[in-house]
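Residue numbers (the UniProt record's numbering): 1 to 173.
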């Protein structure tokens with residue numbers, strides 16, 4: 001998969017896309033009931049941190065990336081963040097189960113971008129091919145700070161975890 005569109009930059013508007021989430025993130029053992037949300041609705045009149053990961057339950061995503069945002073959630077809110085959302089090209093069911101496993105409750109929205117629609121428009125889609133990591137279209141590890149749908153900052157990690165951490169986001173709020 002090639003990135004036909006350049007990566008989103010500060011000053012750009014978050015593109016329109018339809019994402020999915022579960023409306024019952026706190027009910028353990030209850031299957032997700034998928035709900036649609038547009039990026040317009042998600043970002044309107046809010047300061048949003050959108051954290052993108054390649055896959056739910058994957059080692060870096062599960063072990064350090066998202067736990068960092070859970071640990072720093074109060075600090076993010078204190079700096080004016082209204083919504084923290086985690087995006088992956090997984091099913092709404094996988095994202096719901098992962099959110100329950102991480103115990104995010106309603107504090108963090110776990111978003112599914114199953115067709116990498118938003119990821120492509122952000123210029124953050126890629127495809128894994130060959131070897132043990134044959135996962136198809138994915139979302140690049142990143143964090144975006146947006147105010148009312150306008151991008152204020154973007155941190156992307158091509159490898160490892162450095163530019164899209166909770167600490168990096170806090171430093172740019």
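Glycine included, every Cβ here is placed at the ideal spot set by N, Cα and C.
Distance from the CA atom of residue 127 to the CA atom of residue 75, rounded to whole angstroms, is 34 Å.
Non-local C-beta neighbours of residue 170 in its own chain, meaning closer than 8 Å and more than five positions away in sequence, comprise 72, 75, 76 and 79, ordered along the chain.
Following the DSSP letters along the chain, one finds residue 167 inside the alpha helix (DSSP H) bounded by residues 166-171. As computed with DSSP, residue 126 is found in a beta bridge with 138. The residue from 55, 23, 85 and 68 with its alpha-carbon nearest to that of residue 39 is 85. By the neighbour-count criterion, in which a residue is buried when 16 or more other Cβ atoms sit within 10 angstroms of its Cβ, residue 82 is exposed. Following the DSSP letters along the chain, one finds residue 76 inside the alpha helix (DSSP H) bounded by residues 73-78. Residue 66 and residue 31 have their C-alpha atoms roughly 22 Å apart. Boundaries of the alpha helix (DSSP H) around residue 39: 39-43. As the crow flies, the alpha-carbon of residue 152 is around 5 Å from that of residue 10.
From the listed residues 110, 143 and 107, the smallest Cα separation to residue 123 is found for 143. In the DSSP annotation of this structure, the continuous segment of the beta strand (DSSP E) that includes residue 151 starts and ends at 150-156.
Residue nearest to residue 99 within the set 141, 23, 172 and 161 is 23 (criterion: CA-CA distance).
For residue 92, the enclosing alpha helix (DSSP H) has its first and last residue at 92-102. Bounds of the beta strand (DSSP E) holding residue 21 are 18-22.
Judged by their CB atoms, residue 21 and residue 8 are not nearer to each other than the 8 Å cut-off.
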